[in-house]
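Asks:
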Amino acid sequence: MLKVLSASYLQGRLQNLSAKLPANFSYGEPKTPLLRVLGSLRSSNSRYPNLCKRVFFCSDSGDGSNPVVEAEAKPAETEAAAESAEEVDSKASSAIVPTNPRPEDYLTVLALPLPHRPLFPGFYMPIYVKDPKLLAALVESRKRQAPYAGAFLLKDEPGSDPSQASGSETEKNIYDLKGKELFNRLHEVGTLAQITSIQGDQVVLIGHRRLRITEMVEEDPLTVKVDHLKDKAYNKDDDVIKATSFEVIATLRDVLKTSSLWRDHVQTYTQHIGDFNFPRLADFGAAISGANKLQCQQVLEELDVYNRLKLTLELVKKEMEISKIQESIAKAIEEKISGEQRRYLLNEQLKAIKKELGLETDDKTALSAKFRERLEPNKERCPPHVLQVIEEELTKLQLLEASSSEFNVTRNYLDWLTALPWGNYSDENFDVHRAQEILDEDHYGLNDVKERILEFIAVGKLRGISQGKIICLSGPPGVGKTSIGRSVARALNRKFYRFSVGGLADVAEIKGHRRTYIGAMPGKMVQCLKNVGTANPLVLIDEIDKLGRGHAGDPASALLELLDPEQNANFLDHYLDVPIDVSKVLFICTANVVEMIPNPLLDRMEIITIAGYITDEKMHIARDYLEKATREACGIKPEQVEVTDAALLALIENYCREAGVRNLQKHIEKIYRKIALQLVRKGETNEPSQVVVPSEAKEKSAEGLIEAVVLEEAQVGSEPGEGCNEKPGSEMPTIADQIQTDLLADEKCKDDQTVDAEENIGTEKGQENEASKAFDKVLIDASNISDFVGKPVFHAERIYDQTPVGVVMGLAWTAMGGSTLYIETTLVEQGEGKGELNVTGQLGDVMKESAQIAHTVARAILVEKEPDNPFFANSKLHLHVPAGATPKDGPSAGCTMITSMLSLAMKKPVKEDLAMTGEVTLTGRILPIGGVKEKTIAARRSNVKTIIFPSANRRDFDELSANVKEGLEVHFVDDYSQIFNLAIGGDQEAGK
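Structure representation (structure tokens):
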């Protein structure tokens, strides 16, 4: 099928082609990358016009018997010029050129690894050569008029999945392979490739014929010996081969209809190879298919033409199926897009028609009308600068397209601007007495907070206008800091809004996001104003001492503007970007530890400390608030259960000793749940139950008694009583016959039946009494409280009824309230010059320093009181503060430690029921301490009668309620000598 064209035929074809082309004809830009390469290869010949009529064809890829046919169209006199141009062409041109010797004469070639696909005869393939030695060898062989190399497909790495490796990783692996390792990775069958051009590290190859590697000649660069393979002989007239080839052609024709790239392949292939024959048809089909490299390599290695055609037919059939799937996907997407476009067009036409008829306005007009309508009620009170911004944004909204992203940003911005309650204030309650009733109704105690709120109301009433304030409630957990905020809002008739800032680490939560961000929102303050609908709500900022700090800024610094009375009249949110007046907002913040709040923020707030509840206050709260709410929540009526005061006291002292009442509420709920379970198990409900007693049984006559017996027997089917005339096992007579017979014939039988009736009535009364007992109240007292809440959690803090020598009771403050602790000092050993002090009990650094100070002061006082006593100089002491597992720190135990050491040194116990607290200096001065209320409560809980406080804390003690101070003898001291006289010396009136 290959045509060998004569020189005259070629000359005629070229002349005809030249005559048909216009004078200014240019080839233009080829449509495919392959054609662009070919175009660049042809363009190099245009510099040598004498060579424009020289045409070359590569040798046959099958048997190799046909040499390159050269068509001469030049006269003899220009032959020398053509030969000189041909030398230049061999260096610069990328076209297929004839070589001498012929391709089949090359038995040793350079081996080029191909990572992705094998090279088929007649096809171009550009590759990149990164090995400098190999690239230099290719350039050198091209200069020596031997531009041939062997192209072999690279095998996959053993144990790797070829589908998972990227192209860059594969090429990198190729560059690392050298010598023997590369030789073992190459497939045996490859292609003899002509090097048509080398530009940098890019080498363009065109396949000629099949090769098989026989052995390796040189490792770097890899050079191998090869055998040239020829197709097996076949019968061109074989019907099976023809039919297979026709099917391949038919399938290719169908595929060519769907892909222009394939048509370009066919055109390029026929231009440079010639007409198709059976082997070339198989190679072409396999080369342009999308099969993987192993399937293509299988076609390349197949020398039987018929088998090769069959393999190619499978590949092109698969390609046809892929083309059909591609076409169906494209069709479905196109239908979907066209349907959406059609729907959009119809909607736009519908909007235009409605607009022309005046039936409906467009979206932008409707939005603008909605925003203006929302703003209208507050327009008179809205600040002018805000109205100006709203008008500008409404004008901007009309100019924007509804499909633009800026339209949505502007719409959301207007939505927030018009939703805020500009100048809309709720009517405040200036009735102090009503506010007092509401506060007392919801909370017991908390007099400081209530008094401050009433002051706030009184000032507002005198001024006639509402105002804002920043109050911070500090105290341990569970004392009612958060819950009282809602009560205050109800007392003031203000809207209530709460948000927690515990763990907050983003400034945008307070100040809002910029509008340019996707999903931007205003801060919490703006959200609050929108939700409550008034400009003077009560805002509770919870857990302000637990603010976080992260990469998004410091929220504590952002709160400075919000909580500053001098600045929050013009609070600026990043999202709204217009000043907002929040000066009328009452801010109530809550904190557990005030020291954790940054000082600039703490300076802007008014601190109200809630120390906690004493036992009496907890009793009132439990009885009047917690128990009532829990009983209703459990569905239990007051007449069904009774919790005694002793039970509540035991619950508070032994289970819920913390400062708050949250744990107390949990235990009360636990008690009532168990009571509810008991009632349900007994079958008891809240519906009134009745015990039905037959009225006939109340008759005192003999007939009434017998009728009661008859009714009882009829109900339960019992047998006749003993003493009757009936015999056991005989048939029971009717009830009427029995009555008549017994009354008329046998008086004795009647008396027996009367006795039986009385016994039955007594039984029924017993059942009635048992039923009434089942409905008795469930009684909870101190004796059975452990059955409902388990074993006591706390035990008595008081270890000693009478403290021994060297032991003194101190007072401490904890996050759960106050507690008592003992300071114990004992003698380890005595000896000349062995004075030393060891401390234990998980003491902190401050407390360890207090122990050293106490040791020094005690030594000085002992010298003053007993000059002849060398106790501290010759004694090794051990000071311990139980319990050992509890960490302790603070300076307020100094005076207690001194007293403990002096008690041991002087061998005198301290006064009974005495507790003390105070920081001491080296000169014996007593400094003030904190937590006076908590320590006083702890002393009362341990039945302490006498307390010693520093004189500077007299004001704190005087502020305590009377019930806290009741029954306590308190002494205020300035110097330790006063404590010595009170604790050890016996003078109990000093400093009182």
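Per numbering that gives the first Met the number 0, the very first residue in the sequence shown carries number 0; after that it's consecutive.
Using N, Cα and C, we set each Cβ at its ideal position, and we do this for glycine too.
The model shown is predicted, which means the values in this text are computed figures rather than measured ones.
#1: Can you tell me whether Ala110 is helix, strand or coil according to DSSP?
#2: Under the assumption that Pro949 contacts Leu926 (Cβ atoms under 8 Å), give the Cβ distance between them as a whole number of angstroms.
#3: Please check the pair Lys887 and Met915, which I expect to be a contact at CB under 8 Å, by giving their CB distance rounded to whole angstroms.
#4: Beta carbon of Ile936, beta carbon of Gly805: below 8 Å?
#5: Would you mind listing the beta strand (DSSP E) stretches within the region 859-891 that are 3+ residues and don't spill past its ends, in chain order?
#6: What does DSSP give as the partner residues of Glu1048 in its beta bridges?
#7: Return the CA-CA distance between Gly444 and Thr813, expressed in angstroms with no decimal places.
#8: Let me know the secondary structure DSSP gives Pro578 once reduced to three states.
#9: State the beta-bridge partners of Ile822 as determined by DSSP.
#10: Quick check: the Cα distance between Asp973 and Ala892, rounded to an integer number of angstroms?
#11: According to DSSP, is Cys748 part of a helix, a strand, or is it coil?
#12: Output the residue ranges of the alpha helix (DSSP H) runs that lie fully inside the region 448-506 and measure 4 residues or longer, sorted by chain position.
#13: Would you give the residue range spanned by the beta strand (DSSP E) that Tyr654 belongs to?
#14: Could you give the C-beta distance for Thr222 and Leu308, rounded to a whole number, given that I count them as a contact under 8 Å?
#15: Mapping DSSP to helix, strand and coil, what is Glu405?
#16: With burial defined as no fewer than 16 other Cβ atoms inside 10 Å of the residue's Cβ, what is the status of Glu616: buried or exposed?
#17: I need the DSSP call for Ser288, collapsed to helix, strand or coil.
#18: Here's the rule I'm using: 16 or more other beta-carbon atoms within 10 Å means buried, otherwise exposed. How should Asn535 be labelled?
#19: Within this structure, are the beta carbons of Arg208 and Leu191 separated by less than 8 Å?
#20: Quick one: is Leu503 buried, meaning 16 or more other Cβ sit within 10 Å of its Cβ, or exposed?
#21: Assuming Leu302 and Leu228 form a contact by the criterion Cβ under 8 Å, report the distance between their Cβ atoms to the nearest whole angstrom.
#22: Can you check whether the CB of Leu878 is closer than 8 Å to the CB of Thr922?
#23: Which class does Ala610 belong to by DSSP, given the choice of helix, strand or coil?
#24: Quick one: residues in its chain with C-beta nearer than 8 Å to the C-beta of Asn873, no 5 flanking neighbours on either side, listed in chain order?
#25: Just to confirm before moving on: does the CB-CB distance between Thr417 and Ile437 stay below 8 Å?
#26: Could you pull out every residue in the same chain whose Cβ sits closer than 7 Å to the Cβ of Thr1076, ignoring the five residues on either side in sequence?
#27: Quick test of your reading: Ile540 and Val581, contact by CB under 8 Å. State the CB separation rounded to the nearest angstrom.
#28: Hey, would you say Asn653 sits closer than 8 Å to Phe793, going by beta carbons?
#29: For Ala951, which residues from the same chain have a beta carbon less than 6 Å from its beta carbon, with the 5 sequence-adjacent residues on both sides left out?
#30: Identify whether Cys295 lies in helix, strand or coil by the three-state DSSP scheme.
#31: Going by DSSP, what residue range makes up the beta strand (DSSP E) through Asn837?
#32: If you draw a straight line from the C-alpha of Ser402 to the C-alpha of Asn346, how long is it?
#33: Please go through the same chain and pick out, in chain order, the residues whose beta-carbon is closer than 6 Å to the beta-carbon of Gly477, but skip the five residues on each side of it.
#34: Would you mind reading off the limits of the beta strand (DSSP E) that contains Ala145?
#35: How big is the Cα-Cα spacing for Val188 and Ile205?
#36: Have a look at Tyr424, Ile470, Val202 and Leu419 and flag the residue whose alpha-carbon is nearest the alpha-carbon of Ala135.
Replies: So, from the listed chains and residues:
#1: Translated into positions along the sequence shown, residue 110 becomes position 111. Residue state for Ala110 is assigned as strand, using DSSP reduced to three classes.
#2: Looking up residue 949 in the sequence shown gives position 950. Looking up residue 926 in the sequence shown gives position 927. Yes, Pro949 and Leu926 are in contact; Cβ-Cβ is about 6 Å, under 8 Å.
#3: Stepping through the sequence shown from its first residue, residue 887 is reached at position 888. Stepping through the sequence shown from its first residue, residue 915 is reached at position 916. The pair is not a contact, with the Cβ atoms about 16 Å apart (cut-off 8 Å).
#4: Translated into positions along the sequence shown, residue 936 becomes position 937. Translated into positions along the sequence shown, residue 805 becomes position 806. No, these two residues do not count as a Cβ contact at 8 Å.
#5: Listed in chain order, they are 874-879.
#6: The question about residue 1048 has no answer here: the residues shown for the chain are numbered 0 through 991.
#7: If you number the sequence shown from 1, residue 444 lands on position 445. If you number the sequence shown from 1, residue 813 lands on position 814. Going by the C-alpha atoms only, they are around 21 Å apart.
#8: Locating residue 578 in the sequence shown gives position 579, where the first residue counts as 1. In the structure shown, Pro578 sits in a strand (DSSP, three-state: E or B).
#9: If you number the sequence shown from 1, residue 822 lands on position 823. In the DSSP assignment, Ile822 forms a beta bridge with Val807.
#10: Taking the first residue of the sequence shown as position 1, residue 973 is located at position 974. Taking the first residue of the sequence shown as position 1, residue 892 is located at position 893. Take the alpha-carbon of Asp973 and the one of Ala892: they are about 15 Å apart.
#11: The residue given as residue 748 occupies position 749 in the sequence shown. Legend: pLDDT at Cys748 = 43, less than 50; position of this residue unreliable, no value from coordinates given.
#12: DSSP runs (the alpha helix (DSSP H)) wholly in the region 448-506: 480-491.
#13: Along the sequence shown, read from residue 1 onward, the residue named residue 654 stands at position 655. Where Tyr654 is concerned, there is no enclosing beta strand (DSSP E), given that its DSSP letter is neither H nor E.
#14: If you number the sequence shown from 1, residue 222 lands on position 223. If you number the sequence shown from 1, residue 308 lands on position 309. No, Thr222 and Leu308 are not in contact; Cβ-Cβ is about 34 Å, not under 8 Å.
#15: Start at 1 with the first residue of the sequence shown, and residue 405 comes out as number 406. The three-state reading of DSSP puts Glu405 in helix, counting H, G and I together.
#16: Here residue 616 corresponds to residue number 617 of the sequence shown, with the count starting at 1. With 16 or more other Cβ atoms within 10 Å, it is buried.
#17: Sequence index remark: in the sequence shown, residue 288 carries index 289 (1-based). Assigned with DSSP and collapsed to three states, Ser288 falls in coil, not helix or strand.
#18: Within the sequence shown, numbered from 1, the residue matching residue 535 stands at position 536. Note on Asn535: 16 or more other CB atoms within 10 angstroms of its CB, so buried under the neighbour-count rule.
#19: Mapped onto the sequence shown, residue 208 falls at position 209. Mapped onto the sequence shown, residue 191 falls at position 192. Result yes, Cβ atoms of Arg208 and Leu191 sit closer than 8 Å.
#20: Taking the first residue of the sequence shown as 1, we reach residue 503 at position 504. Within a 10 Å sphere around the beta-carbon of Leu503 sit 16 or more other beta-carbons, which makes this residue buried.
#21: Counting from 1 along the sequence shown, the entry for residue 302 is found at position 303. Counting from 1 along the sequence shown, the entry for residue 228 is found at position 229. About 6 Å separates the beta carbon of Leu302 from that of Leu228, a gap short enough to meet the 8 Å contact definition.
#22: For the purposes of this step, residue 922 is taken as the residue at position 923 of the sequence shown. For the purposes of this step, residue 878 is taken as the residue at position 879 of the sequence shown. Contact flag unset, no.
#23: Taking the sequence shown and counting its residues from 1, one reaches residue 610 at position 611. The three-state secondary structure of Ala610, taken from DSSP, is coil.
#24: Here residue 873 is taken as the residue at index 874 of the sequence shown, counted from 1. In the same chain as Asn873, and ignoring 5 residues on each side of it, the C-beta atoms closer than 8 Å to its own belong to Gln829, Gly830, Glu831, Gly832, Lys833 and Gly834, in chain order.
#25: As a first step, residue 417 is located in the sequence shown; it is residue number 418 there, counting from the start. As a first step, residue 437 is located in the sequence shown; it is residue number 438 there, counting from the start. Not a contact, by the Cβ cut-off of 8 Å.
#26: As shown, the chain starts at 0 and ends at 991. That puts residue 1076 outside it, with no answer to give.
#27: Taking the sequence shown and counting its residues from 1, one reaches residue 540 at position 541. Taking the sequence shown and counting its residues from 1, one reaches residue 581 at position 582. In fact, because the Cβ distance is near 12 Å, the residues do not count as touching under 8 Å.
#28: Mapped onto the sequence shown, residue 653 falls at position 654. Mapped onto the sequence shown, residue 793 falls at position 794. For Asn653 and Phe793, yes; Cβs fall inside 8 Å.
#29: Along the sequence shown, read from residue 1 onward, the residue named residue 951 stands at position 952. When the five nearest sequence neighbours on each side are left out, the beta carbons in the same chain lying within less than 6 Å of the beta carbon of Ala951 are those of Pro927, in order along the chain.
#30: What you label residue 295 is simply residue 296 of the sequence shown in a count that begins at 1. DSSP places Cys295 within a helical segment (H, G or I) once states are collapsed to three.
#31: In the sequence shown, the residue the question calls residue 837 occupies position 838. Element bounds for Asn837: Glu835 to Thr839.
#32: The residue given as residue 402 occupies position 403 in the sequence shown. The residue given as residue 346 occupies position 347 in the sequence shown. Ser402 and Asn346 have their C-alpha atoms spaced approximately 14 Å apart.
#33: Reading the sequence shown from its first residue, position 478 is the one you call residue 477. Same-chain partners within the cutoff: Gly659, Val660 and Arg661.
#34: As a first step, residue 145 must be located in the sequence shown, where it is residue number 146. Note, Ala145: premise wrong, no beta strand (DSSP E); not H, not E.
#35: Here residue 188 refers to the residue found at position 189 of the sequence shown. Here residue 205 refers to the residue found at position 206 of the sequence shown. Val188 and Ile205 have their C-alpha atoms some 16 Å from each other.
#36: By one-based count along the sequence shown, residue 135 stands at place 136. Sorting Tyr424, Ile470, Val202 and Leu419 by C-alpha distance to the C-alpha of Ala135 places Val202 at the top.
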